[in-house]
Amino acid sequence: DAGITQSPRHKVTETGTPVTLRCHQTENHRYMYWYRQDPGHGLRLIHYSYGVKDTDKGEVSDGYSVSRSKTEDFLLTLESATSSQTSVYFCAISESQSSYEQYFGPGTRLTVT
Amino acid sequence: AQSVSQHNHHVILSEAASLELGCNYSYGGTVNLFWYVQYPGQHLQLLLKYFSGDPLVKGIKGFEAEFIKSKFSFNLRKPSVQWSDTAEYFCAVNASGYSTLTFGKGTMLLVSP
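Same order as they appear, the protein sequences are chains A and B. For reference, each letter of the first sequence is one residue, going 927 to 1039 in my numbering. For reference, each letter of the second sequence is one residue, going 3 to 115 in my numbering.
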């Protein structure tokens, strides 16, 4: 398995609180991605990064921000969590764009009450 | 924009039955195609991928998929399923030259022993 860890693995938080999820890789891959997985929706891209300090929005970026200050870390922040952000969040990495596969982390289950 | 359609949300089979899961995508240019599998409680793992060449690609665990360009399809097949194939299967497409994957909504496969 690719060296990807996510923390925390489980979190329960209250509506309106800020939450930060961390993705850490040891593969030195350039591309990193944040997805959310919801029943009936599959995986939807939130944000991605194509290098240190280089990020772009995905399909469902509203309410989320990201930061990447080091190659190995990609942070996802929910500025003010809402119940609609209850989901399982997966980080993925890729060596390059286009034809290279993405490797997924173990996921973080976030519940917003 | 790319989109991916998986025709079946749930499939129930008995062991030794044959499997075919449908996947269609909408994008007129060159694409790279993937099938991922997610076993219960686990992260996504790559089953197989198509970039170019032989449209029939073989993956792990006896799975194969056929790319039919004229039909914009990339269906997943396995001649004889096992109980251990119970999982959710995701088709994904990447438009060549772009950094992101677009996933289908997934097909949950339940194999009864």
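Glycine included, every Cβ here is placed at the ideal spot set by N, Cα and C. Everything numeric in this text was worked out from a predicted model, so none of it was measured.
Backbone CA spacing between residue i and residue j [nearest angstrom]
i         : j         : result
HIS936/A  : GLY1033/A : 9 Å
LEU971/A  : ARG79/B   : 27 Å
ILE14/B   : LYS71/B   : 28 Å
GLY99/B   : PRO115/B  : 43 Å
SER1006/A : PHE105/B  : 27 Å
ALA1018/A : SER16/B   : 33 Å
PHE74/B   : SER987/A  : 28 Å
TYR957/A  : PRO81/B   : 36 Å
ALA94/B   : GLN8/B    : 10 Å
THR1037/A : PRO934/A  : 12 Å
PHE65/B   : ASN96/B   : 20 Å
SER975/A  : TRP37/B   : 23 Å
LEU21/B   : LEU111/B  : 9 Å
GLN963/A  : HIS973/A  : 14 Å
LEU1002/A : TYR961/A  : 10 Å
VAL1057/A : TRP85/B   : This structure leaves residue 1057/A out entirely; chain A is present only between 927 and 1039.
GLU953/A  : GLN932/A  : 14 Å
LEU1004/A : ALA19/B   : 45 Å
Local conformation of residue i per DSSP, three classes
i        : result
GLN951/A : strand
ASP87/B  : helix
GLY968/A : strand
GLY55/B  : coil
LYS906/A : Lying outside 927 to 1039, the shown extent of chain A, residue 906/A is not represented and no answer is given.
LYS80/B  : strand
SER28/B  : strand
GLN44/B  : coil
LYS107/B : coil
GLN932/A : strand
GLN4/B   : coil
SER991/A : strand
Environment of residue i [buried if 16+ CB atoms lie within 10 Å]
i         : result
TYR27/B   : buried
THR102/B  : buried
ASP56/B   : exposed
LEU50/B   : buried
GLY1027/A : It should be noted that the sequence gives Glu, not Gly, for residue 1027/A. By the 10 Å Cβ count, GLU1027/A comes out buried.
GLU90/B   : buried
SER1013/A : buried
LEU58/B   : exposed
ALA3/B    : exposed
SER1020/A : buried
Near the ligand SAM: residue i beta-carbon under 8 Å from a heavy atom
i      : result
GLN4/B : Only the bare structure without any ligand can be found here, which leaves the ligand SAM out of the picture.
Task: Contacting positions in the segment 93–112 of chain B - beta carbon closer than 7 Å to chain A - done: Going along the segment 93–112 of chain B in chain order, one finds ASN96, SER98, GLY99, TYR100, SER101, THR102, LEU103, PHE105, GLY106, LYS107 and GLY108 with a Cβ nearer than 7 Å to chain A.
Task: Interface residues of the segment 64–82 of chain B facing chain A [CB-CB below 9 Å] - done: If you check each beta-carbon in the segment 64–82 of chain B against every beta-carbon of chain A, none falls closer than 9 Å.
Open item on the list: For the segment 968–979 of chain A, list every residue whose C-beta sits within 7 Å of some C-beta in chain B, in sequence order.
Closed with: Within the segment 968–979 of chain A, GLY968, LEU969, LEU971, TYR974 and TYR976 place their CB atoms closer than 7 Å to a CB of chain B, listed in sequence order.
Task: Positions along the segment 33–61 of chain B whose CB lies within less than 7 Å of some CB in chain A - done: Those would be ASN34, PHE36, HIS45, LEU46, LEU48, LYS51 and PHE53, in chain order.
Task: Those runs of the beta strand (DSSP E) which lie wholly inside the segment 993–1025 of chain A and span at least 3 residues - done: Runs of the beta strand (DSSP E) inside the segment 993–1025 of chain A: 999–1004 and 1013–1020.
TODO: May I ask you to list, following chain order, the residues of the segment 940–964 of chain A that have a beta carbon less than 7 Å from some beta carbon of chain B?
DONE: Answer in chain order: TYR957.
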